[in-house]
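Report on the following structure.
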Amino acid sequence: MRIQNILALTDFSIPAEHGLDRAAALAATHGARLRVLYACETPPLQLADPMARLEQRARQLARRHAVPVAAVASAGPLPEHCLAEAARADLLVVHGRMHRAWYAPPWRSLLPRLLRRSPCPVLIVQRPPQGPYARVLVAVDFSAVSRPLVRYAGEFGAGADLELFHAIDNHGDVRLRSAEASWAAVQAYRREVLQHAQDRLYRLSEVFDTRRNRVGTLIGRGDPVRHLTVQQESMGADLVVLGQEPRSAFMEWVRGSVPRRLLAGGLDSDLLVVPYGHLGVAPGGARPCGPAGRQPA
């Protein structure tokens, strides 16, 4: 992973200031260039010249963090312009306040469109920066994207303690019970799935030979969003990382969005959403495998 260009969106609110500070700190850590863009779907009436204020903020960030910072002038419709600028970036940083507008349909709100279509990872900042990330929780599903996702999360949070989390799907249990399988058969299937998950998590943790003692594993059963929220609070993670498969606005409306549910459910940490394409996995090429993703006999 190499981050050379970071794009940060701001509307000059307090949460947006936290996002700019985090983006500048990341730029300093990775030796990257930072570009800041004014992005507000309902501009405040008292702000006469957003570009002048944006340029002033860029100069302040450059002095404080000793990184090159440039203000980007708005051009064209907001979502399309943000996506065009994101195509030139290695990381897009937005602020936590943006998800509050998610009561609107996903095809109208800015953040869902950025998450669906951004070619680069999107970092949603919800906390005031308190230094580098110290504890990172990574959601994995044992598909082809899991290993590059774990590696990306480890390099992004260099020096942080990592916890790899997998939620076991309960559909296999449901199918066995609906087929009137014996309780012993259900228990045997659960043990097999649990052992498979433990083995896969251990192999994923071996991605970091020099950090093996700082990579933990966690396993839940059932709804991954609920378990992720609980585990983040339990371990005090300041960053949650997950992969994002490409999908249309209609499919997001039908199937739901994990990032959207996490944020709406009260996730108390920053959230990094990494597109599968950024990890080198083609659409349709990331499917869960092993006992947790197969039909029970």
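Quick note on numbering: the sequence shown equals residues 3 to 299 in this note's numbering. Where a beta carbon is used, it is the ideal one built from N, C-alpha and C, also for glycine. Nothing here was measured: the structure is a model prediction, and the numbers come from that model.
What does R137 pair with, by DSSP beta-bridge criteria? In the DSSP output, where bridge partners are listed per residue, R137 has D163.
CB of A41 within 7 Å of CB of C84, strictly: yes
Suppose you measure from the CA of G159 to the CA of A183; what does that come to, to the nearest Å? 45 Å
Do the CB positions of S120 and L94 come within less than 7 Å of each other? yes
Where do the N-terminal and C-terminal ends of the beta strand (DSSP E) with G222 fall, by residue? Annotation: the continuous beta strand (DSSP E) that includes G222 extends over V217 to R223.
Under a Cβ-count criterion, where at least 16 other Cβ atoms within 10 Å of its own Cβ denotes burial, should R115 be classed as buried or exposed? buried
Backbone CA spacing between A75 and I16 [nearest angstrom]: 21 Å
For the beta strand (DSSP E) containing D240, name the first residue and the last one. Premise fails: D240 is in no beta strand (DSSP E) and is neither H nor E.
Quick one, which of A64, I126, S236 and E82 has its alpha-carbon nearest A266's? I126
L9 bridges to which residues according to DSSP? R37 and L94
At which residues does the alpha helix (DSSP H) containing V260 begin and terminate? V260 to A266
Less than 7 Å between CB atoms is the rule here; does H20 satisfy it with respect to chain B? Protein chain content of the structure displayed is limited to a single chain, and chain B is not contained in it.
Where A141 and A50 are concerned, what is the direct C-alpha to C-alpha distance, given to the nearest angstrom? For the pair A141 and A50, the Cα-to-Cα distance works out to about 43 Å.
Straight-line gap, P130 to V138 (C-alpha atoms, nearest Å): Using only the alpha carbons, I get a separation of about 16 Å.
Would you tell me roughly how many angstroms separate the C-alpha atoms of S148 and L206, rounded to the nearest one? 8 Å
I170 and V195 - do their beta-carbons sit closer together than 7 Å? Cβ distance < 7 Å, so V195 and I170 count as in contact.
Using DSSP with H/G/I as helix, E/B as strand and the rest coil, what is A1? The structure shown has nothing for residue 1, since the chain only spans 3 to 299.
Work out the CA separation of W185 and W104 for me, nearest whole Å. Residue confidence is low: W104 scores 43 on pLDDT, short of 50, so the model does not pin down where it sits. Its coordinate-derived value is still stated next. Approximately 43 Å, taken between the alpha carbons.
Tell me the DSSP secondary structure of P123 in three-state form. coil
Since A91 and L203 are thought to touch, with beta carbons under 8 Å apart, how far apart are those beta carbons, to the nearest angstrom? The Cβ separation is near 32 Å, so there is no contact.
Taking the Cβ atom as the reference point for each residue, do A199 and H168 lie within a distance shorter than 7 Å? yes
Take the Cβ of E208 as the centre, count every other Cβ of all protein chains shown within 10 Å, and call the residue buried at 16 or more, exposed below. exposed
Please state whether DSSP places P277 in a helix, a strand or coil. strand
Going by CA-CA distance only, name the one from E247, G156 and R4 that's closest to G218. G156
Find out if the Cβ-Cβ distance for the pair A30, Q6 is shorter than 7 Å. no
Could you have a look at A88 and say whether DSSP puts it in helix, strand or coil? helix
Evaluate M53 with the Cβ neighbour count: other Cβ atoms within 10 Å of its Cβ, from every protein chain shown; 16 or more gives buried, anything less gives exposed. exposed
Can you give me the Cβ contacts of E235 inside the same chain, cut-off strictly under 8 Å, excluding the 5 residues immediately before and after it? D270
Could you check the C-alpha separation between V317 and D201 for me, to the nearest Å? Because the chain in this structure spans residues 3 to 299, residue 317 falls outside the shown range and cannot be described.
Whole-number beta carbon distance between L151 and G282, since they are thought to touch under 8 Å: G282 to L151, Cβ: 11 Å. No contact.
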